[in-house]
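For the record, in the sequence shown the residue sitting at position 222 is 222 according to my numbering, with numbers rising by one throughout. Have a look at the structure below before the remarks.
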Amino acid sequence: MKTNDKPYGWNGKLLNVDLSNREVEDQRIEASVLEAYLGGRGLNMWILHQNLTSSVSPFSPENLLVFGAGPLVGTIIPANGRYNVSSRSPLTGLLGDSNSAGFWAPPLRKIGYDEIIVRGKADHPVYLLITGDRTEIRDASSLWGKTVSQTDTLLRKEHGKDSQVLCIGPAGEKKVRFAAVLNNVDRAAGRTGNGAVMGSKNLKAIVVQGEGKIPVADPEQVRAVAKEIRAAMRGASSFEVRSQFGTPMLVNLYNEMGVLPTNNHQSGVFKTADRISGERLKTEYVVRPESCYFCPVHCSRHAEIKSGRFAGVTTEGPEFESMCAMGSNLGNDDLASLVFLNRRLNDLGMDSISTGGVISYAMECYQRGLIGPADTDGLELTWGNTDAILQLVERTAARQGLGDLLAEGVKRAARKIQGSEHYALHIKGMEVPTQEVRGLKAWGLAWAVASRGGDHCRAFPVMETTWSPEQTKAFFGSEKAADRFAYEGKAAMVKWAEDFGAVIDSLGICKIAYQAMGLTPDLIAKAFQAVTGIESDGRGILEAGERINNLERLLNLKLGLNPEQDTLPVRFTDEPLPEGPSKGETVQLDQMIEKYYNLRGWDPVSGYPSQAKLNELGITS
Ligand code: SF4
């Protein structure tokens, strides 16, 4: 990338909030830092790396909670409403980071901020009101204990319905280690427990209001690129199905491939998957498609339950991850309960993937006799027992009985339930997501090396099943990279996808709309150049992604990462899938991980990036 003198696109301003001293101040962000780390996730990581040490514990006032929205947020470039929230994770002790869409971030950028840093701890519950002209730290005592939808309603009643509300629910207040941060009621920055960090600071909500315009370098070119991107999205082969069904379209697809996690990943085949399919969800519960800010894909859906025990429940979603984590992986094929649980988990403010992960762990402990009714206060934790699932969700959020242990996450829970470690499926302390990676090798590597632990979104290597052999040969050096059972080319695929994903998160656009729909780094670089005025191309923008991934590595090492943690639970490496189209498969990580480290320029023993790699990327500290 070649720098232009004037940094358009960014505001170059962050809001620094100290809750302990009740002080707020604006600070400038250097142009060189913006250009190197782009914004959003990248800039959050730079701020954490500058400020955190291994002695700062996640729930201490010294931990930072950083919100970042990249330079495309609030412009007319499609699907640009995303932000990242980051801290030291209470779940993993390593970097904590999650990403959400919706409508909260664009006004933050429009009133003049790219970032918010929250430090310290308020002596009673508070919320922030940010208007651009002023920032107030306001009393939130009457909101404490309220659900996410109640909090949203009350704050928008107070500050106007056009105000955008981000908040935590009761689970964040109780410091459930996988509590989420929510915005627009149903949009979750779910993973790594940032909601618990927010709760530990007595910060209930951040309300943003106001209008403004993002300064862009070349308005005409921005309009032209936005048009080109919209056309590329609408022309993508998956556009129609994503618009019709959203991510739940994957339920049937994964089941047909034998990679739909079932009963705590004991199988990749769920016999009644069609009962919780995206197709059935659309027919029985979806009343209209929904979209985030400026997004033509509208992959989200507004669902309503009109009859039965959950009648009257409305929600945006559920997404595939929630349908699998609370559905097939718990043996639960009650679709209405999944719609209800989407609403309820968002209201409580708990990550659905980790919640499903702790409950599936508890159910397998129950199956194997490691816990019994005396440990569960009478709950029968049998697969598919919807009532028990509903109860355990409530008890986890409230930290009651077994729920108090599960609120600590499976890694910590397994230290207390003797003999259960094998069933505690986590990576670096975070519960694994909802692919059955024994039949998807690139996803297996992606999980193992993800900087935030058990995670599918850092790399999101959809190319493994959506690209042709010719495409994977051109990009990753092997036609076999398009074969989900093969190992060749997967290290290159995951590295490329991680770098691309870091760019997307840092610019503030959506991985589903761009990465999953086949849009290229070149096209994104065009948008970046039109907005910022910085000359760029696909290669240059991917280098920024590589820089961000290396900085995340340094941050994790600083916080205590051991490279031996770049691995998978034994279930995935040593236990072959027992049935279905992926029967007999395991993940042979050693066939990919060394190549991945080589491509990254990381030392296989210490895990550190080589000095040559740091020099090449211009990382100086
Ligand atoms: S693709 Fe879906 S999740 Fe992404 S911005 Fe559009 S509607 Fe939101």
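The C-beta atom is built at its ideal place from N, Cα and C for all residues, glycine as well.
For this session: Find out if the Cβ-Cβ distance for the pair C167, T147 is shorter than 7 Å.
Result: Cβ atoms of C167 and T147: not closer than 7 Å.
Exercise. Within the structure, which residues are defined as neighbours of the ligand SF4 by a Cβ-heavy atom distance below 5 Å, reported in chain order?
Worked result: A79, A101, S291, C292, C295, V297, C299, S300, C510, I512, A513
Exercise. Buried or exposed: which applies to K2, given that a residue is buried once 16 or more other Cβ atoms fall within 10 Å of its Cβ?
Worked result: Reliability fails at K2, whose pLDDT of 43 lies under 50, so the model's placement of it is uncertain and no value is given.
For this session: Grab me the residues of D218's own chain with a C-beta within less than 6 Å of its C-beta, minus the 5 sequence neighbours each way, in chain order.
Result: A530
Exercise. Between A407 and the rest of its own chain, which residues show a CB-CB distance below 6 Å, the 5 nearest in sequence each way excluded?
Worked result: In the same chain as A407, and ignoring 5 residues on each side of it, the C-beta atoms closer than 6 Å to its own belong to V176, T396, R399, in chain order.
Exercise. On the three-state DSSP scale, how would you describe Q400?
Worked result: coil
Exercise. Buried or exposed: which applies to K306, given that a residue is buried once 16 or more other Cβ atoms fall within 10 Å of its Cβ?
Worked result: exposed
Exercise. For A122 versus G518, is the C-beta spacing smaller than 7 Å?
Worked result: no
For this session: Only counting runs of 4 or more residues, tell me where the alpha helix (DSSP H) segments fall wholly within the segment 442-517, in order along the chain.
Result: 463-466, 469-476, 490-507
Problem set entry | Complete runs of the alpha helix (DSSP H) confined to the segment 572-611 [at least 4 residues] | 593-600
Problem set entry | Other residues of its chain near T620: CB distance less than 7 Å, five sequence neighbours each side excluded | Correct list: empty, nothing qualifies.
Exercise. What are the boundary residues of the alpha helix (DSSP H) that G195 is part of?
Worked result: Per DSSP, the continuous alpha helix (DSSP H) segment holding G195 begins and ends at 194-200.
Exercise. Under a Cβ-count criterion, where at least 16 other Cβ atoms within 10 Å of its own Cβ denotes burial, should N194 be classed as buried or exposed?
Worked result: buried
Exercise. Can the beta-carbon of V24 be found less than 7 Å from the beta-carbon of L65?
Worked result: In this structure, L65 does not lie closer than 7 Å to V24 by Cβ.
For this session: Report the residue from A450, T520, I541, L370 whose alpha carbon sits nearest the alpha carbon of H422.
Result: L370
Problem set entry | Same chain, Cβ closer than 6 Å to F476, neighbours up to 5 away in sequence not counted | Same-chain partners within the cutoff: G489, A492, M493.
Exercise. Can you name, in chain order, every residue of its own chain whose Cβ lies under 6 Å from the Cβ of A516, other than the five neighbours on each side?
Worked result: V462
Exercise. Is the segment 432-452 touching the segment 369-383 in the sense that three or more CB pairs, one from each, lie closer than 8 Å?
Worked result: Look at the beta carbons and you see the segment 369-383 not touching the segment 432-452: under three pairs across the two are nearer than 8 Å.
Exercise. CB V225 to CB A527, shorter than 7 Å?
Worked result: yes
For this session: Run the CB neighbour count on F460, radius 10 Å, all protein chains shown included, and call it buried at 16 or more, exposed below.
Result: Label assigned to F460: buried.
Problem set entry | P289 to S606 span [Cα, whole Å] | 48 Å
Exercise. Which residue spans inside the segment 96-139 form an unbroken alpha helix (DSSP H) run of at least 4?
Worked result: At a cut-off of 4 residues, the continuous stretches assigned as alpha helix (DSSP H) that sit fully inside the segment 96-139 are 105-110.
Exercise. Buried or exposed: T283, going by 16 or more other Cβ atoms within 10 Å of its Cβ?
Worked result: Looking at its Cβ environment, which holds fewer than 16 other Cβ atoms inside 10 Å, T283 is exposed.
For this session: Using three-state DSSP, classify D18 as helix, strand or coil.
Result: The answer is strand: DSSP assigns D18 an E or B state.
For this session: Compare the beta carbon distance of D377 and N99 with 7 Å and say whether it is the shorter of the two.
Result: no
Exercise. Exposed or buried, E173, counting other C-beta atoms within 10 Å across all chains shown (16 or more means buried)?
Worked result: buried
For this session: Using DSSP bridges, identify the partner residues of Y83.
Result: S100
For this session: Give the straight-line distance between the Cα atoms of V570 and V126, rounded to the nearest whole angstrom.
Result: Those two C-alpha atoms are separated by around 44 Å.
Problem set entry | Same chain, Cβ closer than 7 Å to A424, five either side skipped, listed in chain order | Y361, V410, K411, A413, A414
Exercise. Secondary structure at P7, three-state DSSP: helix, strand or coil?
Worked result: coil
Exercise. Between Q50 and the rest of its own chain, which residues show a CB-CB distance below 6 Å, the 5 nearest in sequence each way excluded?
Worked result: none
For this session: Out of V241, S55, I427, A189, state which residue places its alpha-carbon closest to the alpha-carbon of L559.
Result: S55
Problem set entry | H124 classed as buried or exposed, judged by whether at least 16 other C-beta atoms fall within 10 angstroms | exposed
Exercise. Is the number of C-beta pairs between the segment 128-148 and the segment 90-104 that are closer than 8 Å three or more?
Worked result: no
Exercise. Should V587 be labelled buried (16 or more other beta-carbon atoms within 10 Å of its own) or exposed?
Worked result: Result: buried.
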